[in-house]
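A.B. asks: First to last, the protein sequences are chains A and B. Residues in the first sequence are numbered consecutively from 1, following the UniProt record's numbering. Residues in the second sequence are numbered consecutively from 1, following the UniProt record's numbering. Okay, handing you the structure first.
Number of protein chains: 2
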Amino acid sequence: MDICTRLGKNVRRLREEKGWSQEDYADRAGIHRTYVSDIERGRRNPTVTVVEKLAVPFDVRPGELLD
Amino acid sequence: MDICTRLGKNVRRLREEKGWSQEDYADRAGIHRTYVSDIERGRRNPTVTVVEKLAVPFDVRPGELLD
DNA sequence: CTGTGACTGAGAGTCCGTC
DNA sequence: TGACGGACTCTCAGTCACA
């Protein structure tokens with residue numbers, strides 16, 4: 001499976017575990033809501049700085065999002 | 001420490017452990033030599049697909065390069 | 001062998017919407 | 001709430017000559 005798809009699935013899974021909407025999560029991560037939507041669907045190829053931002057609200061290491 | 005710097009240090013450390021030159025490694029990863037040079041010095045902010053390419057020659061999970 | 005500045009096309013990332 | 005589109009700016013991907 002493509003690494004962007006894996007990233008997207010991990011983000012969605014963790015976000016839903018927290019019970020957050022995409023908008024809630026986007027605000028916590030400091031990222032635009034439409035961008036989160038694209039990422040969860042594997043339609044974007046984010047940079048490592050974005051991966052770091054994505055990891056903050058979940059309190060996990062950035063690398064975990066790529067597993 | 002900045003995530004780009006961490007990535008760069010990890011790549012350089014692993015590359016030197018293997019005894020490869022930047023050029024050897026770049027060829028194995030399918031990336032340009034000068035681009036590897038930039039990444040090792042933390043001057044670039046690569047996308048996750050690049051991180052995936054970087055991980056291949058080392059036979060590690062892409063996420064490990066971000067630790 | 002490696003660092004660096006410069007360059008171009010592609011795409012990252014934001015913001016406005018509608019359904 | 002989330003999918004999706006359009007339009008926009010700015011940075012990244014990828015390469016080269018040269019130090």
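Glycine is no exception: its CB is placed at the ideal position from the N, C-alpha and C atoms.
Could you pull the DSSP bridge partners for Thr49 of chain B from this structure?
C.D. replies: Its beta-bridge partners do not exist; DSSP assigns none.
A.B. asks: Does Gly19 of chain A come out as helix, strand or coil in the three-state DSSP assignment?
C.D. replies: Three-state result, Gly19 of chain A: coil.
A.B. asks: Identify the continuous alpha helix (DSSP H) that holds Asp38 of chain B and give its terminal residues.
C.D. replies: It spans 33-40 - the alpha helix (DSSP H) in which Asp38 of chain B sits, taken as one unbroken run.
A.B. asks: Since I believe Asn45 of chain A is in contact with residue 87 of chain B (beta carbons under 8 Å), could you give me their beta-carbon distance rounded to a whole number of angstroms?
C.D. replies: Chain B is shown only over 1 to 67; residue 87 of chain B falls outside these bounds and no answer can be derived.
A.B. asks: Going along chain B, which residues have a C-beta under 8 Å from Asn45 of chain A?
C.D. replies: Near Asn45 of chain A (Cβ distances below 8 Å), the residues of chain B are Thr47, Val48, Thr49.
A.B. asks: Give a yes or no on whether the minimum CB-CB distance between Leu66 of chain B and chain A is below 8 Å.
C.D. replies: At least one chain A Cβ lies under 8 Å of Leu66 of chain B.
A.B. asks: I want to verify the contact list: residues of chain A whose CB lies under 7 Å from the CB of Glu52 of chain B, in sequence order.
C.D. replies: Simply Ile3.
A.B. asks: Reducing DSSP to helix, strand and coil, say where Lys30 of chain B ends up.
C.D. replies: Position check: residue 30 of chain B holds Gly in this sequence, whereas Lys was assumed. If DSSP states are grouped into helix, strand and coil, Gly30 of chain B belongs with coil.
A.B. asks: Examine chain B for any beta-carbon lying closer than 8 Å to the beta-carbon of Arg61 of chain A, and answer yes or no.
C.D. replies: Taking Cβ atoms only, chain B reaches closer than 8 Å to Arg61 of chain A, which makes this a yes.
A.B. asks: Is the separation between the beta-carbon of Arg12 of chain B and that of Glu52 of chain B shorter than 8 Å?
C.D. replies: No. Outside cutoff.
A.B. asks: Taking 8 Å as the threshold (beta carbon to beta carbon), is Leu14 of chain A in contact with chain B?
C.D. replies: No, no contact with chain B.
A.B. asks: Which residue wins for smallest C-alpha separation from Glu17 of chain A, given the options A:Asp59, A:Ile3, A:Gly63?
C.D. replies: Nearest option by C-alpha distance: A:Asp59.
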